[in-house]
Structures are given as structure tokens and as C-alpha cells.
Amino acid sequence: MRASVGGIMKHNERWVRGFGSMIGLDDPQTAELWAIYYGLRMDWEREMTSVVVFTERRDAIDLINNPDPAYPMAAFIEMITMLKGEAWSHVDIQYIHTDANVAANVLAIDCLDVEGDLKEFAEPPHAIIHLI
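full-length UniProt numbering numbers the first residue of the sequence shown as 1 and each following residue consecutively.
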């Protein structure tokens, strides 16, 4: 299955930045783990200090909070856990229902045919303005 990721950063409900990327052939859980990683990494690089990451996958939250060394992607989970453990004043990963995450999903879908690196959006694309 072709997989892509998308995410949105907001501050006080206002758009800060968005991202999307086609990550290749993967399952939905792995795609969500990549979205969490990209979101945390971008926030850390922008020196944000308090972050709440929302994900539609409870299983992704469980993998990050309770790493299993036998899990096939344990090294990648470790990267996310280490990033989460940086010197943030606050970082949390919470579940969000799919219906409340439509804008991020649209960014992901729009990147299904985009080969290459992570695409960043300084301004919200026209396709999601009404969703944020």
C-alpha cells in the first residue's frame, strides 16, 4: 500500500506550519509513526518548547509509550522516544478522532504523488483552508 503522511502545527489554534510526504509502501501504523516523528522533529528544530502531538492511531501511542525491543521497527520507535525525551518543557502524544484530523489527512493525500523529501507549507494550502 502506498503511504503518505501529513501534519499541521498550530499555536493557539492558529496555523504555524504544515508538512506532507510520500513515504513509499507501508502500513497505516508505520505512516502514523513517521508523521509523529516528522512533527516532533520540526517542532524541535523550530525551538518550540511545549508540544502536543495528535494522532489517530492509539497503537502508535502505545508503541511509543511502551517500546517493545522485539517490534520490527524498534530502532525507529527508539528515535521517536529519544526525540520525545529532549528538553521540552512539555510534550505529549494524544489520540484524536479521524473526523477531527481531516486537514492533516488532506495534506497526506495530496502528497501521495509527490516523490522526494518532506514538503513543508508555510501557509495553509487552499484545499485545507476551510478545515483549519
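Just so you know, even glycine gets a beta-carbon here, dropped at the ideal spot from N, CA and C.
With H, G and I counted as helix, E and B as strand and the rest as coil, what does DSSP make of residue i?
i	result
Arg17	strand
residue 161	What is shown of the chain runs 1 to 132, which leaves residue 161 out entirely.
Thr98	helix
Leu83	helix
Arg46	coil
Ile132	coil
Glu120	strand
Val53	strand
Val106	helix
Leu25	strand
Glu113	Residue identity differs from the one stated: residue 113 is Asp in this sequence, not Glu. In this structure, Asp113 counts as coil in the three-state DSSP scheme.
With a threshold of 8 Å on Cβ separation, who are the neighbours of residue i within its own chain once the five nearest residues in sequence on each side are excluded?
i	result
Phe121	Arg17, Gly18, Phe19, Gly20, Leu107
Tyr38	Val5, Gly7, Phe19, Ser21, Leu118
Ile32	Looking at the sequence itself, residue 32 is Glu, so the reference to Ile does not match. Cβ within range, chain order: Val5, Thr55, Glu56, Arg57, Ala60.
Thr81	Ile64, Pro67
Leu25	Met1, Arg2, Ala3
Leu112	Arg2, Ser4, Met22
Lys84	Leu40, Ile64, Val91, Ile93
Report all residues from its chain with a CB closer than 6 Å to the CB of residue i; omit the five preceding and five following residues, and keep chain order.
i	result
Ala104	Gly6, Gly7, Ile8
Glu123	none
Taking only the alpha-carbon atoms, compute the straight-line gap between residue i and residue j and give it to the nearest angstrom.
i	j	result
Glu115	His126	21 Å
Glu47	Asn101	24 Å
Ile23	Ser89	30 Å
residue 143	Glu86	The chain is shown only over 1 to 132; residue 143 falls outside these bounds and no answer can be derived.
Met73	His11	31 Å
Asp27	Ile129	28 Å
Tyr71	Ile36	17 Å
What are the start and end residues of the beta strand (DSSP E) that includes residue i?
i	result
Ala3	2-11
Could you give the residue range of the alpha helix (DSSP H) that holds residue i?
i	result
Asn66	Counting along the chain, Asn66 falls outside any alpha helix (DSSP H), and DSSP gives it neither H nor E.
For residue i, which residues from the same chain have a beta carbon less than 7 Å from its beta carbon, with the 5 sequence-adjacent residues on both sides left out?
i	result
Val52	Asp92, Gln94
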